[in-house]
Structure formats: C-alpha cells, structure tokens
Amino acid sequence: MKSIETRTGTETLPSLGHAEVRIIAHTPEAARAVAEALRGCFAGAEQRSYPGLDGATRLHLTVDTATPAGPAGSRQSAIGTPAGIGAHSDEI
Numbered sequence: 001m002k003s004i005e006t007r008t009g010t011e012t013l014p015s016l017g018h019a020e021v022r023i024i025a026h027t028p029e030a031a032r033a034v035a036e037a038l039r040g041c042f043a044g045a046e047q048r049s050y051p052g053l054d055g056a057t058r059l060h061l062t063v064d065t066a067t068p069a070g071p072a073g074s075r076q077s078a079i080g081t082p083a084g085i086g087a088h089s090d091e092i
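Take the sequence shown: its position 19, counting from 1, is numbered 19 in the UniProt record's numbering, and each next residue is one higher.
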C-alpha cells in the first residue's frame, strides 16, 4: 500500500478502486443517512464510527468505486472488515 504525508502525519492510501469517506454530523442518524446515500452509488467495504467533539458523530466509510452498488445496496459487503484498516492517526 502507498502512504502519503498529511498535516497530521503519514496516512496509508486505500487500495486501488477504493475511497475513504469521512462524515461528521451532529447526530448518528444524520451520518448514517449520508452513508446510506453513498451506498446507493458504490459498494461499501467497511464502516467505522467514532465519537466526535461536542457530542458529534464521526463515521468513516470505505467505498469500492470500481463496483456499483447492487440492487439491495452493499450492506452485505459492509459486514467484512478489510485487514489493516482502522482508525487514522488523527482520530485516536
């Protein structure tokens, strides 16, 4: 995997054909609604949520940009967790 330098350190890029999406919302419901909309367009590989500042919710989603979502969305593919993917250094 390739790494890039960011203002908070070094981050590993997602695998080819995947994108990391970070959602910050006031409520978990709002974050999940955005994630569901993305899953309507792309197959989802993994979803992680973290508490944010001042009670906000942070939800991180890895989407497969090379595979369109199936008719029932990608909820089944969201069950598995790819190895080596976890919280970013600025999220601990």
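Built from N, CA and C at the ideal position, the CB exists for glycine as well.
Item to check | Spatially closest choice to HIS60 from HIS18, ALA35, SER15, THR10, by CA coordinates | outcome: To locate residue 60, count along the sequence shown from 1; it is residue 60. Among HIS18, ALA35, SER15, THR10, the Cα nearest to that of HIS60 belongs to ALA35.
Checklist entry - Mapping DSSP to helix, strand and coil, what is GLY44? => result Position 44 of the sequence shown, counted from the start, is the residue given in the question as residue 44. GLY44 falls in the strand class under three-state DSSP.
Item to check | Cβ neighbour criterion (16 or more within 10 Å) applied to GLU46 | outcome: As a working note, residue 46 is residue 46 in the sequence shown. The residue is buried, with at least 16 neighbouring Cβ atoms inside 10 Å.
Checklist entry - So which of TYR50, LEU13, THR10, SER15 has the shortest CA-CA distance to ILE24? => result Locating residue 24 in the sequence shown gives position 24, where the first residue counts as 1. Ranking TYR50, LEU13, THR10, SER15 by Cα distance to ILE24 puts TYR50 first.
Item to check | CA nearest to the CA of ARG32, picked from ALA43, GLU20, ARG48, THR65 | outcome: Position 32 of the sequence shown, counting from 1, holds the residue named residue 32. When only C-alpha atoms are compared, the closest one is ARG48.
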